[in-house]
Structure formats: structure tokens, C-alpha cells
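>
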Amino acid sequence: MSIHKSHQFLFLWFIFQLVFVVALYYFTEEQVHKIYIESKKGEIGNILDMVHHHAELIIHQSDQGSPEARKIAEQKIINYLEGFHSGDLYFWANDHNAIARVHPRDSVVGQFQNSYLRHLNQLESHDLFFETRLNLNPVTDELQVKINGIMLLKPWKWVVGYGSYIDRYQIMEKTMYLMIIPVAGLLLCNGFIVLYVRRMTNSKMS
């Protein structure tokens, strides 16, 4: 093999590797992202099931005929939901009048929520559904993608949600970890190819 041909071969081989590694990275990242989302949905769903059971127990134990008992029960549920607030993990709840009753931002509580009817329509055919959208993180004040699990407290028509912000750095870290083996394999393969090409070139020259 001539020096020119060997250089040309190595150049094409490295270009192929570059394209392959980039394509593999994006494919791996997409798969990690899907698994991450499904895992988060499972966690959110379990928490919502537990909270739904406890909240409806409070509702049924309250005296529905007494406005005062209803007010006490509402406050119990509000306190219960607010107890889960930790960093950027929190519950939010909108009552039957589409008024925010629970939210990490005090300025939002008591305000009309346009999303109420949209969520209520979805909950007519689902006991629980997930919504992924850009949301303002109350901790960082930045727009981030958030997975919300949303359910309905049927006796009161309260729409309740709980979600988790997607950690892009965690996804990237997992992707890079999974890329170690294929990249190491390519580097090993490169070593053998370079040695082979050098041997062929030297034998041609001699």
C-alpha cells in the first residue's frame, strides 16, 4: 500500500468514525431520555396515587353539609400538599373555580388559572395524565422542561398536579457513561488499523 493511499484510507476511516460516534451519541441520548421520562412518570404516578387516596379520605371524612367543615377539610388538604414542597419538587392545585389554592409561588395562589379547563377536559377520559411542557422553575427562575402528572379530586373538582423538572445534565452524564465502551472499542480498533497500515506501507517501501 502506497503512502498516499494509506493516508487517504486513514482519513476516510477517521471521517467515518466521527460521523458514527456523533450519530451513536445522539441515538444513545434519545434512548436515555425516553427511559428517564418513563422512570419519572412511574415515580410521579406512585406519589399521585398515594396523595389521591389520602386527600379523598379527608374529603369523605368531612361533613359535606357544613361550610365550616368543608373549609377545615380544604385547609387540611392544602397543608398536606404543601408538605411535599422540596426545592423544585412541589404540588399545585386549582379548585372548582379555576383558582390556584396550592402553588410554590405566593403570587400565584388566589389567581385564576387558564389551564384548569384544559386539564379538566383531559381528566374526563383519564384518571391521571402526563403533560410535558416548558415551565418556570421556582428555584432557578429559568424555563425548563417539566413532566407534570395531573389528577382530579372528583368530589370537589380540584385539579391537582405534581411534577419533576428534566435534569439535562443527568441525561448527558448517563449518555457519556454508556459511550465509554463503544468509543474505547473504536480506539482499540484504530490502534490495530494504524499498525496494519504502517506494516503494509513499510513492506511496500522495502
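Note that the sequence shown covers residues 1 to 206 in UniProt numbering.
Don't be surprised by glycine CBs; every beta carbon is placed ideally from N, CA and C.
Under 7 Å Cβ to Cβ from lysine 154, same chain only, skipping five residues before and after it: list those, please.
Taking the first residue of the sequence shown as 1, we reach residue 154 at position 154. So no residue of the chain qualifies.
> Should valine 102 go down as buried or exposed, given a rule of 16 or more other Cβ atoms within 10 Å for buried?
Taking the first residue of the sequence shown as 1, we reach residue 102 at position 102. Classification for valine 102: buried.
> Are the stretch 45-53 and the stretch 137-151 touching by the rule of at least three beta carbon pairs closer than 8 Å?
They touch, by the three-pair rule.
> With three or more C-beta pairs closer than 8 Å as the rule, is the stretch 22-36 touching the stretch 132-144?
These segments do not touch.
> Compare the beta carbon distance of valine 160 and valine 21 with 8 Å and say whether it is the shorter of the two.
For the purposes of this step, residue 160 is taken as residue 160 along the sequence shown, with counting starting at 1. For the purposes of this step, residue 21 is taken as residue 21 along the sequence shown, with counting starting at 1. Not in contact: valine 160 and valine 21 (Cβ atoms no closer than 8 Å).
> Between Gly87, Gly163, His54, Tyr36, which has its C-alpha nearest tyrosine 169's C-alpha?
Taking the sequence shown and counting its residues from 1, the one referred to as residue 169 is at position 169. Minimum Cα distance to tyrosine 169 is reached at Tyr36.
> Just to confirm the assignment, what range does the beta strand (DSSP E) spanning isoleucine 147 have?
Taking the sequence shown and counting its residues from 1, one reaches residue 147 at position 147. Taken as a continuous stretch (DSSP letters only), the beta strand (DSSP E) holding isoleucine 147 covers 143-153.
> According to DSSP, is isoleucine 99 helix, strand or coil?
To locate residue 99, count along the sequence shown from 1; it is residue 99. Strand, per DSSP.
> Thinking C-beta only, is histidine 96 closer than 8 Å to residue 278?
A question about residue 278 goes unanswered here, because the residues of the chain that appear run from 1 up to 206.
> Starting from the C-beta of asparagine 94, find all residues in its chain whose C-beta is less than 6 Å away, skip the five residues before and the five after it, and write them out in chain order.
For the purposes of this step, residue 94 is taken as the residue at position 94 of the sequence shown. Excluding residues within five positions, the ones whose Cβ falls inside 6 Å are Ala100, Gln113, Tyr116, Val159.
> Please identify the residue among Lys40, Ser62, Val194, Phe192 whose C-alpha is closest to the C-alpha of glutamate 74.
Taking the sequence shown and counting its residues from 1, the one referred to as residue 74 is at position 74. The option with the nearest alpha carbon to glutamate 74 is Ser62.
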